[in-house]
Every structure is written in C-alpha cells, then in structure tokens.
Amino acid sequence: MISRRSALKLAGGSILAALPAAGAARAAARPIVPSRGINLPGWFDNSDGVAPSEPVLEKLRQAGFETIRLPINGDLLTATDAAAL
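Numbers -29 to -1, 1 to 56, taken from mature numbering (1 follows the signal peptide of the UniProt record, and there is no 0), label the letters of the sequence shown in order.
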C-alpha cells in the first residue's frame, strides 16, 4: 500500500515534470515575428532600382533592424517585356 505522502510526492513530481514540456510546446507553436523591420523602397519598385550596399545594410542592422521589406511594383512583374524584369 502506498502512503498518502508518497502519492502526493509522485503527483507533484509528475506535474512539475510536465510544466517545462508544456511551456516549450507553447513556445514552439508561436510564430516567430521579427521585432523591428524597415521598408527599403527604390530597389524592386523601380525598373532601374539600385540594391542597397553592404555598408547600408550593416548600419541598419547596427541600428537594431532585423528585417527589411522590399516593396515591389506589380506592373514590373506582369510586364510582357522580359527586359523590364
């Protein structure tokens, strides 16, 4: 026969052992959302757009930006002239 104290220890230990696993499962289920981003227009939204240089990207990173968003001109993507792409 198991004592009440042993049963409570077993139940408490089981609950405590399950808590970190439940927290990890919730953390894994959450989508990863970047904390800070910035738009970089003038690259893909113009037919003669210029890509940002490596030093520009590095300065943005040092300023705390983790992602960049590139606006795209849909007319350039649907153009029948392949040279426009």
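Heads up, the beta-carbon is just placed ideally off N, CA and C, and yes, glycines get one too.
Sequence-distant residues of its chain with Cβ nearer than 6 Å to residue i (five each side left out)
{"i": "residue 44", "result": "16"}
{"i": "residue 40", "result": "8 and 10"}
Cutoff 7 Å; reference residue i; Cβ partners in own chain excluding five residues on either side
{"i": "residue 36", "result": "7, 8 and 9"}
{"i": "residue 25", "result": "none"}
{"i": "residue -24", "result": "none"}
For residue i, the first and last residue of its enclosing alpha helix (DSSP H)
{"i": "residue 45", "result": "45 to 48"}
Contacting residues, own chain, Cβ-Cβ under 8 Å from residue i (five flanking each side not counted)
{"i": "residue 46", "result": "none"}
Enclosing beta strand (DSSP E) for residue i [first to last residue]
{"i": "residue 32", "result": "Taken as a continuous stretch (DSSP letters only), residue 32 belongs to no beta strand (DSSP E), being part of the alpha helix (DSSP H) at 25 to 33."}
{"i": "residue 1", "result": "Looking at the DSSP string, residue 1 is not in any beta strand (DSSP E), and its letter there is neither H nor E."}
{"i": "residue 8", "result": "8 to 10"}
Which listed residue (the options) has its alpha carbon closest to that of residue i
{"i": "residue 42", "options": "20, 31 and 30", "result": "20"}
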